[in-house]
Amino acid sequence: ASALRPFLGAGSTHVDGRHQETVSRGIYYLLSRMQSTPRGGDFSEGTMYGHGIATLVLCEALGMTGDDLLRKPCRDAVRFIETAQDLHGGGWRYLPGQAGDITVTAWQLAALRSAQAAGVETSSPSFEAARRFLDSLASRDGAAYGYRTRAAKPCTSAIGLLCRMYTGWPAEEEALDRGIRALARIPPKPHAIYENFYLAQALVQSDHPLWPRWNTRRRDQLVALQARTGHEAGSWFFADPETAPGGRLAHTALAVLSLEVYYRLLPIYRAEVVSGAP
């Protein structure tokens, strides 16, 4: 799922585009892994990370193509997200019903917002509960966020601010602007791929005045850090503890997506996805 998103971001889908065959094989592989459960269609195979990203990819493909063959799998996968939410705290974690963390929650919210953009019905109570979860992690009056507590860090703050946009905060929200400014006025750290991936989206979605300068620096960093020799040519690897388990594949996908963020070919990158948040 992580590897498919850059292909979609470049405009290739399973029905059209330069990389149509690759995307088609990837999507049909994902569909073959869905397990039907009383909760809905389960992609998790042990972790809600996988489920959220797989659901996001399918909903992005549905939104880009309108292919009705994807509508039921997307609906079933969305239902699994909704039934896996922690009913008390409002977030998501590795297993259904676990008390949430900010990173797993972000992927589920992105999938739900992409599903809405593709015309798949989602549950308003899911978003309301997610707002409560974000409130529980917020500090500095909503400008900073922690992982599972209010102990804020730059990466979790970038994630939390984008999640606030997914759950209804407008670009004019004072705390949102304050949080983004605090992160973006510092030059991007070259190896902080996860933090930069989320901050780039928050900057673009809010049409923030700091975006052009921040993006110029980040773009040049990414170009300079891309491997150019051997079997690793074209890929990225970052000394980033937040994403170490994902390795070179996840790092390369996040780097390409960061470079594609302002093309807005992916539905999740389009302004209406956050401006129309419930």
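Using the numbering used here, the first residue of the sequence shown is number 7, and each one after it goes up by one.
Backbone N, C-alpha and C define an ideal beta-carbon position, used for all residues, glycine too.
Neighbourhood of residue i by C-beta, 7 Å cutoff - its chain only, sequence neighbours within 5 removed
i	result
S132	E88, Q91, L118
I199	F244, D246, T249, H257, L260, A261
P196	Q227, L231
C65	C80, A117, S120, A121, A124, V126
P194	N202, W220, R223, R224, Q227
P160	L189, E201
W217	L209, V210
Nearest-angstrom Cβ-Cβ length linking residue i and residue j, presumed shorter than 8 Å
i	j	result
I186	A208	6 Å
S38	Q26	At roughly 18 Å, the Cβ-Cβ gap does not stay under 8 Å, so S38 and Q26 are not in contact.
G12	E201	According to the sequence provided, residue 12 is Pro. The question's Gly does not apply to it. In fact, because the Cβ distance is near 19 Å, the residues do not count as touching under 8 Å.
A83	T53	Incorrect: roughly 14 Å between the Cβ atoms, too far for contact.
Residue span of the alpha helix (DSSP H) that contains residue i, given as start and end
i	result
Q5	Here the chain covers residues 7 to 284 and nothing more, so residue 5 does not appear.
Q41	That residue, Q41, is in no alpha helix (DSSP H); its beta strand (DSSP E) goes 41-43.
S241	Neither: S241 is in no alpha helix (DSSP H) and is coded neither H nor E.
V84	77-90
Q122	108-123
D22	It is not in any alpha helix (DSSP H) - D22 carries neither H nor E in the DSSP assignment.
G95	Per DSSP, G95 belongs to no alpha helix (DSSP H) and is neither H nor E.
G185	180-190
Bounding residues of the beta strand (DSSP E) (the contiguous stretch that carries residue i)
i	result
Q232	Careful: Q232 lies outside any beta strand (DSSP E) and carries neither H nor E.
Check whether residue i and residue j have beta carbons under 8 Å apart
i	j	result
L10	G46	no
P79	M40	yes
Y55	V110	yes
G58	L272	no
I108	Y172	no
A144	Y204	no
D213	A181	no
A188	S264	no
A7	V63	yes
T71	V21	yes
F86	D48	yes
R225	S241	no
A190	W220	yes
S130	P251	no
For residue i, the three-state DSSP class (helix, strand or coil)
i	result
T61	helix
S50	coil
G174	coil
Y275	helix
A158	strand
Y35	helix
S264	helix
S142	helix
Y55	helix
A149	coil
G103	coil
S8	coil
T222	helix
T258	helix
G69	helix
A250	helix
V126	coil
P131	helix
R14	In the sequence as presented, Arg is not what sits at residue 14; that position holds Leu. L14 falls in the helix class under three-state DSSP.
A164	helix
A136	helix
Residues of its chain near residue i, where Cβ-Cβ distance is below 6 Å and the 5 sequence neighbours each way are ignored
i	result
L68	L76, C80, A124
G95	A105, G106, F139
A112	I165, C169
V280	M171, Q211
Y268	V210
Proximity test, residue i beta-carbon vs the ligand SAH heavy atom, cut-off 7 Å
i	result
P247	Among the components of this structure there are no ligands whatsoever, and the ligand SAH is therefore not found.
Cut-off 8 Å between Cβ atoms - residues of its own chain near residue i, not counting five sequence neighbours on either side
i	result
L93	G103, A135
G174	F133, R137, A283, P284
T43	F86
H237	none
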